[in-house]
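Visitor: Throughout the sequence shown, residue numbering follows this note's numbering, covering 1 to 128 in sequence. Let me begin by handing over the structure; questions about it come next.
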Amino acid sequence: MNYEELMHKAIEASKQAYCPYSKFPVGACILTESGNTYIGCNYENSSFGMTICAERNAIGTAIVNGDKKVKAVAIYSPNQDNCTPCGACRQVLHEFCNYDNDMDIIVKIGNELKVYTLAELLPESFSL
Ligand code: THU
């Protein structure tokens, strides 16, 4: 699975977003050490704080499948280039950096992919 394919899955996932309030669809696709992929989209709630981001939706599916070693996450919104994870999602993703102690975060800028590391996006991170 290359990062173009991973991004393609994130793009497809964004089409399932439930975002009647923000009208900001997001899709994510996680790649684990095993080579499996798990998609997620954001789903909002009329009680706004209950909204779940695409990344957290995807990670939950990886976990319930027993796949906790995350290598990379592709994130996509048709509304915004360089759609990096929100602060809360960075912390949640950090919990599952147990492959190589880091993970790649892939976003789209125009027709190009940009690859960050989570360590770049969440420096001096907290963990127990
Ligand atoms: N959103 C995500 O799904 N992931 C992020 O990292 C940023 C924000 C969603 C939440 C909400 O449904 C919409 O985008 C606007 O904030």
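All C-beta atoms, glycine included, are put in the ideal place defined by N, C-alpha and C.
If we ignore side chains and look at the alpha-carbon of each, how far apart do TYR21 and GLU44 end up?
Guide: Locating residue 21 in the sequence shown gives position 21, counting from the first residue. Locating residue 44 in the sequence shown gives position 44, counting from the first residue. Roughly 7 Å between the two C-alpha positions.
Visitor: Which one of ASP81, SER47 and CYS19 has the shortest CA to CA distance from ALA54?
Guide: Numbered from its first residue, the sequence shown carries residue 54 at position 54. For ALA54, the nearest C-alpha among the options comes from CYS19.
Visitor: Taking the straight line between their C-alpha atoms, what separation do you get for PHE48 and PRO78?
Guide: For the purposes of this step, residue 48 is taken as the residue at position 48 of the sequence shown. For the purposes of this step, residue 78 is taken as the residue at position 78 of the sequence shown. Computed Cα separation, rounded: 21 Å.
Visitor: What is the rounded straight-line gap between the Cα of ALA28 and the Cα of LYS71?
Guide: For the purposes of this step, residue 28 is taken as residue 28 along the sequence shown, with counting starting at 1. For the purposes of this step, residue 71 is taken as residue 71 along the sequence shown, with counting starting at 1. In a straight line, the C-alpha of ALA28 is about 13 Å away from that of LYS71.
Visitor: Taking 6 Å as the limit, tell me which residues put their C-beta closer than that to any heavy atom of ligand 1, in chain order.
Guide: So the residues near ligand 1 by this Cβ test are CYS19, SER22, PHE24, VAL26, ASN42, GLU44, THR51, CYS53, ALA54, GLU55, PRO85, CYS86 and CYS89.
Visitor: Pick helix, strand or coil for GLY110, following the three-state DSSP scheme.
Guide: The sequence position of residue 110 within the sequence shown is 110, counting from 1. Of the three classes helix, strand and coil, the one that applies to GLY110 here is coil, per DSSP.
Visitor: Tell me whether ASP50 is buried or exposed, calling it buried when 16 or more other Cβ atoms sit within 10 Å of its Cβ.
Guide: On the sequence shown, position 50 is the one that residue 50 refers to. First, the amino acid is wrong: residue 50 is Met here, not Asp. Label assigned to MET50: exposed.
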